[in-house]
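Protein chains in written order, with full-length UniProt numbering: chain A, 1 to 340; chain B, 1 to 340; chain C, 1 to 340; chain D, 1 to 340; chain E, 1 to 340; chain F, 1 to 340.
Yeah, the Cβ is synthetic: ideal placement off N, Cα and C, and Gly gets one too.
6 protein chains.
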Amino acid sequence: MAKVVTLGEIMLRLSTPGVKRFVQSESFDVVYGGGEANVAVSLANYGHEAYFVTKLPKHEIGQSAVNALSRYGVKTDFIARGGDRVGIYYLETGASMRPSKVIYDRANSSIALAKANEFDWAQIFKDAKWFHFSGITPALSADAAELTKMALIKAKEFGVTVSVDLNYRKKLWTPAKAQEIMRPLMQYVDVCIGNEEDAELVLGFKPKGVDVHSGKLDIKAYHQIFEEMKEAFGFKMVATSLRESYSANHNGWKILLYNGKEFFESRRYDINPIVDRVGGGDSFSGGLIHGLLTRNEQEACEFAAAASALKHTIPGDFNLVSEEEVLVLVKGDQSGRVQR
Amino acid sequence: MAKVVTLGEIMLRLSTPGVKRFVQSESFDVVYGGGEANVAVSLANYGHEAYFVTKLPKHEIGQSAVNALSRYGVKTDFIARGGDRVGIYYLETGASMRPSKVIYDRANSSIALAKANEFDWAQIFKDAKWFHFSGITPALSADAAELTKMALIKAKEFGVTVSVDLNYRKKLWTPAKAQEIMRPLMQYVDVCIGNEEDAELVLGFKPKGVDVHSGKLDIKAYHQIFEEMKEAFGFKMVATSLRESYSANHNGWKILLYNGKEFFESRRYDINPIVDRVGGGDSFSGGLIHGLLTRNEQEACEFAAAASALKHTIPGDFNLVSEEEVLVLVKGDQSGRVQR
Amino acid sequence: MAKVVTLGEIMLRLSTPGVKRFVQSESFDVVYGGGEANVAVSLANYGHEAYFVTKLPKHEIGQSAVNALSRYGVKTDFIARGGDRVGIYYLETGASMRPSKVIYDRANSSIALAKANEFDWAQIFKDAKWFHFSGITPALSADAAELTKMALIKAKEFGVTVSVDLNYRKKLWTPAKAQEIMRPLMQYVDVCIGNEEDAELVLGFKPKGVDVHSGKLDIKAYHQIFEEMKEAFGFKMVATSLRESYSANHNGWKILLYNGKEFFESRRYDINPIVDRVGGGDSFSGGLIHGLLTRNEQEACEFAAAASALKHTIPGDFNLVSEEEVLVLVKGDQSGRVQR
Amino acid sequence: MAKVVTLGEIMLRLSTPGVKRFVQSESFDVVYGGGEANVAVSLANYGHEAYFVTKLPKHEIGQSAVNALSRYGVKTDFIARGGDRVGIYYLETGASMRPSKVIYDRANSSIALAKANEFDWAQIFKDAKWFHFSGITPALSADAAELTKMALIKAKEFGVTVSVDLNYRKKLWTPAKAQEIMRPLMQYVDVCIGNEEDAELVLGFKPKGVDVHSGKLDIKAYHQIFEEMKEAFGFKMVATSLRESYSANHNGWKILLYNGKEFFESRRYDINPIVDRVGGGDSFSGGLIHGLLTRNEQEACEFAAAASALKHTIPGDFNLVSEEEVLVLVKGDQSGRVQR
Amino acid sequence: MAKVVTLGEIMLRLSTPGVKRFVQSESFDVVYGGGEANVAVSLANYGHEAYFVTKLPKHEIGQSAVNALSRYGVKTDFIARGGDRVGIYYLETGASMRPSKVIYDRANSSIALAKANEFDWAQIFKDAKWFHFSGITPALSADAAELTKMALIKAKEFGVTVSVDLNYRKKLWTPAKAQEIMRPLMQYVDVCIGNEEDAELVLGFKPKGVDVHSGKLDIKAYHQIFEEMKEAFGFKMVATSLRESYSANHNGWKILLYNGKEFFESRRYDINPIVDRVGGGDSFSGGLIHGLLTRNEQEACEFAAAASALKHTIPGDFNLVSEEEVLVLVKGDQSGRVQR
Amino acid sequence: MAKVVTLGEIMLRLSTPGVKRFVQSESFDVVYGGGEANVAVSLANYGHEAYFVTKLPKHEIGQSAVNALSRYGVKTDFIARGGDRVGIYYLETGASMRPSKVIYDRANSSIALAKANEFDWAQIFKDAKWFHFSGITPALSADAAELTKMALIKAKEFGVTVSVDLNYRKKLWTPAKAQEIMRPLMQYVDVCIGNEEDAELVLGFKPKGVDVHSGKLDIKAYHQIFEEMKEAFGFKMVATSLRESYSANHNGWKILLYNGKEFFESRRYDINPIVDRVGGGDSFSGGLIHGLLTRNEQEACEFAAAASALKHTIPGDFNLVSEEEVLVLVKGDQSGRVQR
C-alpha cells in the first residue's frame with residue numbers, strides 16, 4: 001500500500017436530524033468533512049498510509065476535527081495548528097422533490113489564512129506516491145491558492161502523481177477568478193476529475209465539437225470532451241462521475257474514465273434510497289486513486305463506481321467502507337441480503 | 001400581503017419516533033397542529049399577516065401551542081385563554097403497506113367548550129381579506145358550531161372572502177348531523193375545498209350525472225361534480241386535491257380548481273418517499289389561498305400543488321416552506337440536487 | 001385460542017441507530033429477539049396462550065429478556081434462570097445496495113449450556129396444541145440438541161402438533177453436523193417450514209427431478225420439491241416463503257404451502273421500503289401456525305403472507321401486529337391511507 | 001408469596017426530557033404510572049402475585065398501559081377494556097429551588113367512567129391476602145367512588161386485609177366531598193397510610209392534643225395523632241412517611257409506623273440528588289405491605305423506608321428494585337460504591 | 001406593561017449534550033442566545049412589549065434566530081436582515097471542579113458589520129419606556145460601537161430610560177479600547193449594572209477608598225464603590241449580582257442595588273445544582289428592569305434575585321419563567337415540592 | 001515526551017442512558033474502555049507516544065475498539081487482530097444511595113485467548129520508557145497470564161520502567177489463584193499501585209503492625225503498609241488513591257505516594273457530583289506515570305490527584321483532559337467558573 005497525501009479544508013458539518021428543516025432543529029448532528037479529507041479517509045480505509053494536510057485551530061473544535069481523521073486511520077502528523085476557526089457548513093437533508101441545502105460559513109478558517117511556509121513539504125512528500133487536491137482549496141483565499149501551488153511544485157519535485165477534482169464552488173469565486181488561478185496549476189496534474197461544467201467554469205475549457213449546454217450529453221460527447229481536455233491540458237487521465245438526479249432520494253450513478261487511449265465505463269448503479277449524498281464525488285476520487293494504484297483501468301473504474309455508490313448509503317461525509325465490501329459489490333451482489 | 005384569519009382547534013400531536021408502533025414507544029415527538037392552524041402557518045410563511053383564532057388553556061401546554069404558532073410568525077393576539085385542556089392526537093407513522101394511525105383524544109378541549117362571545121370579532125375581521133375554516137371546527141361541539149356560524153356572519157359583515165375545507169371527520173359526527181350544521185353555513189362560503197366524498201357526507205350533495213361510488217373518477221366526472229356543487233351552493237370556486245395512494249410512502253398528487261367558468265389542473269407530483277402526510281390537505285388550502293390572493297387561477301393551482309407536494313417531505317403538521325421554495329418547484333426542478 | 005409452546009434462544013440485539021455503520025455508532029438500540037421467541041410473540045398478539053421456553057441468567061440482562069416477552073403477552077413461567085450470559089447479536093441495517101450485517105456473539109449462552117432436565121416438560125406440554133422449534137436451537141450445542149430432542153419426544157407424548165423452521169445457520173454448524181442431528185428429529189415433525197436450500201443443508205435432501213442450483217426456481221419446481229420432502233420425511237405439511245431481493249430496502253414476498261394434497265399460494269407483496277427485515281421468516285411461521293389453528297389452508301397461507309409482509313415495516317425482531325390488522329391487509333388494502 | 005390486589009387509575013405520563021421546561025420540550029418521555037399501579041409493581045418486584053384492577057381503552061394507548069404493567073410482572077387479567085381515553089399527567093422535573101410541576105388531564109378516563117359490575121370481584125379476591133387502594137380513586141367520579149366501595153365490601157367478604165393511602169388531591173375534589181365519600185369507607189380499612197394533613201382533609205380528622213398547623217411536628221405529636229386516628233376509625237395500623245424538603249433535589253426521608261401498641265421509626269435517609277420523586281409515597285406503601293406480609297413491624301418499617309428512598313433514584317413512577325437490593329440498603333450500605 | 005427595547009447580538013449556541021466534553025460530542029444542542037436578547041426574553045415573559053434590535057442573515061440560520069425570539073413573545077419587527085453569518089458560541093458544560101468552557105466564533109456576524117442607518121430609530125423608540133444594552137455590543141466592531149452610540153442618542157431624544165450591563169469580554173477588546181468607547185457612552189446611562197471588576201476594565205474606574213484586588217469584598221466596600229460610581233458617571237442607580245463560586249454546580253447568589261440614596265440587598269440563594277449558568281447575569285438585568293418598572297427598589301431587588309436564581313435551573317440562555325413563578329420564590333418557597 | 005506501553009483488554013462498554021436501570025433501557029450508550037487502555041489514553045492526552053497492546057477481532061466491533069483508541073491519539077500499531085469476540089461490560093449508573101452496577105461478559109475474548117508469540121515484543125519495547133499493566137490482565141486466562149509474564153520479561157530486557165495496578169477482580173479469580181500468578185511477577189515491578197485490600201488479595205500481603213480490617217485506616221497506617229510492601233516486594237515506589245464514598249454521587253479523593261524514602265500526599269478533592277466514576281483509578285495511574293516522567297514526586301502526586309479527580313466529571317472510561325487543564329486544577333482553581 002502507498003503513502004498518499006491530500007491537502008485541503010476539513011469543516012465542521014452541522015446537519016439537521018433526519019430530514020428536519022433548519023427552522024425545526026433543536027440539535028445538529030456533528031461530523032467533520034471536506035473534499036480532500038474525505039478522499040484521505042477512503043484511502044485509509046483501503047489500507048493506504050493516507051496523510052491529510054491542513055491547518056486547524058488549537059482549541060477543542062479544531063482538535064475534534066483532528067480526532068475525526070485519526071479515528072478512521074488518517075495520519076494527522078502534518079496538520080498545522082493555529083488560527084481561530086474551523087470552517088462550518090450547515091446541511092439540511094432533503095426528501096423526494098425537496099432538495100438538500102448547504103449553507104457555508106467557512107470564511108477566515110485557519111486553512112484559508114494559512115501560509116505555504118507553515119508546512120514541511122519535504123517531509124510531507126517524502127516517499128509519497130500520490131497527491132490529491134481539489135478546486136475548492138485554491139478558491140478559499142489568495143494564501144490558500146499560493147499554498148496549493150507550492151504543494152504542487154513540491155509534489156512534482158518528489159515525483160508524486162497528482163490528481164485534481166475540479167469542483168467549482170460558486171459561493172467561493174467567479175469563473176474568471178477560478179480560471180486565472182487554476183489554469184496555471186494544470187501543468188502539475190496527471191489525473192483530472194471533473195465533468196464538462198466544471199471544466200468550463202474552472203478551466204475555461206470549451207470543447208469544439210460538442211454543445212455542452214444542449215441538455216443531456218451522451219457517452220460519445222464525453223469521449224470527445226475528454227480527448228480535448230487531455231489535448232488542451234496534457235492530463236494523463238480524465239475521469240468523471242455521471243449522475244442522474246431523479247429526486248433527492250433516487251439517483252443513477254456511473255463512472256467514465258479515459259486514459260489517453262481508451263475509454264472505460266463502469267456498471268450503472270440505481271441508488272434508492274440515498275442516505276447521504278455528500279461526499280459522493282470525493283468517494284469516487286478516493287476509489288479511483290485506490291483503483292489506479294492497485295489494478296487496471298477497467299477494474300479501477302468499477303472499483304470507483306461501486307465505492308462511491310456505497311457512499312450514498314452511509315451517513316456523514318466519509319465513505320466508511322472497506323476494500324472487501326467494495327469488491328463484493330463490484331462482483332455484482334446488489335441484492336442487499338442480510339450478511340450473517 | 002394580506003391580513004388573513006383562520007379559526008379552529010390546534011392540538012398537541014404526540015407521534016412515535018421514526019416508524020415505531022405505539023406499543024414500542026418510550027417517547028413521543030411533540031408538535032402542535034390542526035387544520036386551520038396549519039393553513040395559518042402556510043400563509044405566514046408566504047408573508048401574510050396570518051391570525052389564528054382559537055381558545056387554549058392558560059397552563060404551559062396551552063402556552064406551548066401558542067408559542068408553536070408565534071415561532072413561525074402566526075399572530076396570536078386573538079387567541080382566548082382559559083379552559084382545561086389542549087386536544088390531543090396520537091400519531092403512528094406507517095411504512096409500505098402499513099398505514100399511519102391516528103387516535104384522537106380531543107373531547108372537551110378549550111375551543112370545543114368556547115363561546116362565540118369570548119372573541120372580539122370586529123377587531124378580528126377589521127381589514128381582513130380572507131377567512132378560512134373547516135368542517136372540523138363546527139363538528140367539535142354545539143358551542144363550536146355556534147362560534148363558527150358567528151364568525152361567518154361577522155366575516156361577511158366585514159366583506160371578507162371565505163373559504164371552507166369540508167373535511168368530514170367520522171369520529172366527530174354523523175353525516176346527518178354534519179349536513180344539519182354545515183349546509184346552512186355554505187351561504188357564507190366563496191371558495192369550497194373538498195372532494196366528492198366530503199361533499200356527499202358533509203353537504204348531502206349527490207351529483208346527478210355521476211356515480212361517485214363506481215370506483216375511480218376521471219377528470220371529466222370532477223368537472224361535472226364541481227359545476228353541480230357551484231350550482232347547488234353558490235360557491236364562486238370549488239377545488240380539490242386528487243391523491244393516488246400506492247402505499248404509506250408513495251402517493252401521486254395533483255390539484256383541480258374550478259372558478260365557475262374554467263377548470264384548472266396542476267402538474268401531477270409523484271411523492272416518494274412521503275415523510276409526513278399529515279397537513280397535506282391544509283397545505284393545499286394554504287397554497288391555494290395565497291395563490292388566489294396573488295396570481296391567476298392557473299398559477300394559483302400550480303402554487304397550491306407544489307406547496308402541498310412539498311409538505312409531504314416535511315416532518316410535523318406545518319408546511320415550513322417559503323414562497324421562493326415553492327416557486328422553484330413550480331418552475332419544474334424536481335431533481336432534488338443539493339443546493340449549495 | 002390455543003396453548004402454544006416454542007423453545008429456543010432469545011438474544012440481546014444491539015443495533016446501530018438508523019442506518020449508521022457499526023464504526024460510526026455511539027449507541028446501540030436494544031431489543032431482544034430470536035427465531036422461536038419471535039414466533040411466540042406473534043402468537044400472543046393473535047390471542048393465543050403462548051409460552052416461550054428457554055434459559056436465561058438471573059442478572060438484569062437476563063431479566064430484561066424475560067420482561068421483553070412478558071411485555072408483549074408471552075408467558076414466561078417455564079423459563080429457567082441461571083448461567084452466565086445472554087447471547088448477543090449485533091445488527092447494522094443496510095440501505096439500497098449496502099446489505100445489513102449481523103455479527104453473532106452467542107456462544108456459551110445460558111440456553112446453549114442448559115440441560116434437558118432443567119425443564120418440567122409435563123407442565124410445559126399439558127393441554128398444549130402446538131410446539132414450534134427451529135434448526136437454530138439444536139445447532140447451539142450438544143446439550144441444546146439433546147434438549148430439543150427431549151422436547152420433541154415429550155411433545156409427541158402429549159399429542160402436540162409440531163412445526164419446525166429448518167433455518168440453516170452456517171456460523172453454528174456444518175451441513176454434515178446439521179444433518180446428523182436434524183434428520184432423526186424429523187420423525188416428530190408435522191409441519192416443515194423451509195426452502196430447498198435449507199432442506200439440502202439441514203436435511204441433506206436432494207429433489208430428484210429438480211436442479212436446485214440452476215438459478216431461480218419456478219413454482220412448479222417447488223411443487224415437486226414439496227412432494228418429495230413430504231415423501232422423504234413424512235411431513236403433513238410443507239411451507240416456505242419466497243423472497244425476491246431487489247435491494248436492502250425493496251423485496252418481493254409470497255408464501256407457498258402444501259398440505260400433502262393441494263398447493264396454496266398467497267398474494268405477492270411488494271415491500272418498499274423495508275423497515276426491518278429481521279424476524280420476517282419467524283413472523284411467517286407465527287402467522288402460519290395461527291392460520292392453521294383457526295382457518296383453512298388458503299386463508300392460513302394468506303394470513304401468514306400478510307402478517308409477515310407487515311413485519312418488514314416494524315422495527316425490532318417482534319411482529320407487533322394484531323389479527324385484526326393482518327386481516328385488513330388480507331382483504332387487500334395496501335394503500336397505506338391514514339387510519340383516523 | 002401472596003396474592004395482592006390493587007385498584008385504581010394508571011395514567012400516561014408525559015414528562016419533559018431532563019429538566020427542560022414544558023415550553024422548551026420537543027418530545028415527551030413516556031411511561032405509565034399511578035398510585036395503586038405503582039404499588040402493584042413494587043409488590044411484583046418483591047415476588048408477589050400482584051394484580052392491578054382498572055379499566056383501559058382497547059386502543060393502542062390503552063394497550064401500552066397494560067404492557068407497561070405486564071412488562072414488570074404485574075398480572076393484568078382483571079383489567080377491563082373499553083372507554084375512550086387513558087388519563088394523562090404532564091410532568092416537568094424541577095431543579096434546585098425550581099419545583100417539579102404536574103398538569104393533570106385525567107377527566108373522563110375509562111376507569112373514571114367504569115361501573116362496579118364490569119369487574120368479577122369473586123375471581124379478583126379469591127385467595128387474595130391484601131387489597132390496597134388510595135384516596136385518589138374514589139375522587140375520580142361518583143362511579144369510581146361506587147366502584148371503590150364495592151371492592152372494599154367484596155374484599156372484606158373474602159377476608160382480605162385492606163390498606164389505604166389517604167392521598168388528598170385538591171384538583172379532584174374538596175375536603176367536604178372527600179370526607180363525605182371517604183369516612184364511610186374507613187370501616188373496611190386495616191392499615192391507614194397518611195399524614196396529619198391528609199387525615200384532616202380526607203377524613204376531617206382533628207387531633208385533640210396537637211396543633212397540626214403550628215409548623216413542623218415532632219415525633220411525639222405524631223404518636224398522639226396516630227393513637228387518635230386508630231381510636232377514631234378503628235385502624236389496626238397507621239403509618240406515614242416524613243419528608244423534609246430542602247430543594248427539588250434534596251430531601252430527608254423516614255417512616256413512622258404504629259401498630260396500635262408500639263411505634264416504629266425507620267432510619268432517616270438523606271436523598272441527594274433526587275432523580276424522580278414521583279411514586280415515592282407509593283413505593284413506601286408497596287414496601288410496607290411487603291414488609292408486613294413477610295416480617296415484623298420494625299423490619300417492615302425499615303424495608304419500607306429503604307425501598308422508598310431507593311425509588312427517588314429511579315426514573316419513572318415505578319420502583320424497579322428487588323427485595324435483595326432493598327435489603328442491602330437496610331443493612332446500611334449507603335456508600336454507592338460500584339457493584340462489580 | 002411597557003414597551004422595552006434591547007439592542008445587541010443573538011448567537012447560535014452549540015452545546016454538547018449533558019456534560020460531555022467537546023471532543024466526545026457527536027451532536028450539539030441548538031439554542032439561540034446573547035446578553036440583550038436574553039433580557040428581551042425575560043421582559044416578554046413578564047408581559048412587556050419587548051423588542052430586540054439586531055441584524056441577522058436572510059438564510060435559515062438567521063431565520064431560526066428570529067423564530068427563537070418570536071417563539072417566546074419577543075417582537076422582531078425591527079430586526080434588519082442581511083449579511084452572511086450568525087455569530088456562534090460553542091459551550092461545554094462543566095461539572096464539579098471542571099469548569100464550563102465557551103469558545104467564541106462570532107467575528108464578522110451580520111450585526112458586527114451593521115450600520116446605524118439600517119435601523120429606523122424613530123419607530124424603535126416611539127413610546128418606549130426603557131432601553132437596555134451591554135458592553136458586549138460596542139465591543140463587536142467599530143460599526144457596532146457607532147450603532148450603539150446612535151441608539152443611545154436616539155433613546156435619550158425619546159426620553160427613554162437607559163440601562164447598561166458593563167460586561168467586559170476580554171476576547172473582544174482590551175481595557176484601553178473598552179474605556180475609549182464606553183466612557184463617553186455613560187452620559188446616556190441611568191442604571192448601571194456591573195461589579196467592581198467590570199467597572200475597572202470597562203470604565204477605567206478605580207474606587208478611592210477600596211482595594212478591589214484584595215480578594216473578597218464585603219458589602220460595605222460595595223456601598224462605597226457604588227457611591228463613587230454614581231458620583232463619577234452620574235448614574236441614577238447602580239446594581240450588581242454577587243456570585244460565590246463553589247464549583248461548577250454550586251453557587252451562592254444575591255443582588256445589591258443602590259438608588260443614589262439607599263442600598264438594597266436581596267436574600268441570598270444557594271443554587272445547587274446549577275443546570276445552566278449562562279444568561280444568569282442577563283436574567284438579573286431582565287428581572288431588575290421589570291422590578292424597577294413595576295415596584296419599589298427593595299421589591300425590584302428581590303424580584304431580580306429570585307428571577308436570576310431560577311435561571312440557573314433552566315437549560316439554554318433564556319430565562320423561561322413567568323412573573324408568577326418568580327413571585328412564589330420571592331415569597332420564600334425554596335422547598336422544591338411538586339406542584340400538582 | 002516518552003514512548004509508553006500498556007497491555008491489557010479493551011472492552012465494549014454498554015451503559016444505560018442517564019441513570020436508568022438496566023430493565024428500563026431501550027438503548028445503550030457505547031464507549032470502549034479497560035484499565036490499561038484508559039491509562040494509554042491519559043498518556044496520549046498528555047503528549048506521550050502511548051501504545052496499547054492487545055488483541056481484537058477483525059470484525060467491526062473489534063475495529064470500533066481500535067478506532068476508539070486512535071481517535072484519542074493512542075498508537076494501535078501493535079494490536080493483534082483475530083479471535084471472535086470483544087469482551088463486554090454492562091454498566092448501570094447509580095444515584096444517591098443506589099450504587100452503580102457492572103455486569104461482566106468478558107470470557108473468551110480475543111485477548112483472553114491470545115498467545116505471547118502473537119506480539120513482536122522487540123518492536124513494542126524498543127526505545128520505550130515505561131510499561132504499565134494491571135492485575136486484571138493475568139486474571140483473564142492462563143494464556144493471558146503467560147502473555148503478561150512474557151511482556152514483563154521483555155520490558156526488563158529493554159530497560160523499561162514497570163508499573164502495576166494490582167486491581168483485584170473477584171469475578172475473575174480467587175485470592176489464592178491471584179497470588180500464585182501475581183507474586184512471581186512482582187520482581188519486574190518498579191512502581192506498585194494499590195491499596196491494602198488489593199495487596200492482601202493479590203499479593204497475600206499482610207502488614208505486621210496494622211489491622212487492615214479494623215475499619216478506616218489513618219495516613220500513618222498507610223505509611224507503615226507502604227514501607228512493608230516495599231520491603232517485601234522490592235518496589236521502588238508504592239502509591240494508592242484514597243477514596244471516601246459518601247454516596248454514588250459524592251466522594252472524597254486523594255493520593256498517597258511513597259518513594260522508598262519519603263511520603264507524599266496530595267490535596268484532597270471533594271467530588272460532587274460525580275459524573276462517571278469508572279476509570280477513576282486508571283486516570284490516577286496515568287497521571288502518576290506522567291507525573292513521574294516529567295516532574296518531582298510531590299508534583300507527580302498532585303498531578304495524579306487532580307487528573308483523576310477531573311476524570312470523575314467526564315462521561316466514559318477515558319480521561320479526556322489535557323496536561324494544561326490538569327495544571328489549572330493543581331494550581332487550585334476549583335471554582336468551576338465559566339472559561340470564556
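Any beta carbon from chain D within less than 8 Å of N67/E's own beta carbon?
Here residue 67/E is taken as the residue at index 67 of the fifth sequence, counted from 1. No - not a single Cβ of chain D is within 8 Å of the one on N67/E.
Proximal residues of chain F, C-beta to C-beta of I61/C below 7 Å:
Stepping through the third sequence from its first residue, residue 61/C is reached at position 61. What I61/C touches in chain F: F22, Y90 and I103.
6 Å Cβ shell around residue 341/F - same chain, five flanking residues per side excluded
No answer is possible for residue 341/F: the residues shown for chain F start at 1 and end at 340.
Close Cβ partners of residue 359/E (< 7 Å) along its chain, the five nearest in sequence each way excluded:
Since the first and last residues shown for chain E are 1 and 340, residue 359/E lies out of range.
Taking only beta carbons into account, state which residues of the segment 32 to 53 of chain A come closer than 8 Å to chain F, listed in chain order.
Under the 8 Å Cβ criterion, the segment 32 to 53 of chain A contributes no residue.
Contact set between I314/E and chain D, taken where Cβ atoms lie within less than 7 Å:
Looking up residue 314/E in the fifth sequence gives position 314. Here the neighbours are R21.
Tell me the DSSP secondary structure of S241/A in three-state form.
Along the first sequence, read from residue 1 onward, the residue named residue 241/A stands at position 241. In this structure, S241/A counts as strand in the three-state DSSP scheme.
Same chain, Cβ closer than 7 Å to I61/B, neighbours up to 5 away in sequence not counted:
By 1-based counting over the second sequence, the position of residue 61/B is 61. Here the set comprises L12 and V86.
Reduced DSSP category for D165/D - H, G, I as helix; E, B as strand; rest coil
The residue labelled residue 165/D in the question sits at position 165 within the fourth sequence. The answer is strand: DSSP assigns D165/D an E or B state.
Using only alpha-carbon positions, find the residue among A232/C, T16/C and Y46/C that is nearest to L320/C.
For the purposes of this step, residue 320/C is taken as the residue at position 320 of the third sequence. Considering only A232/C, T16/C and Y46/C, the residue with the shortest C-alpha distance to L320/C is Y46/C.
Does DSSP put D270/F in a helix, a strand or coil?
As a working note, residue 270/F is residue 270 in the sixth sequence. Note: D270/F maps to strand in three-state DSSP.
For the beta strand (DSSP E) containing H59/F, list its first residue and its last residue.
Position 59 of the sixth sequence, counted from the first residue, corresponds to residue 59/F. That residue, H59/F, is in no beta strand (DSSP E); it is neither H nor E in DSSP.
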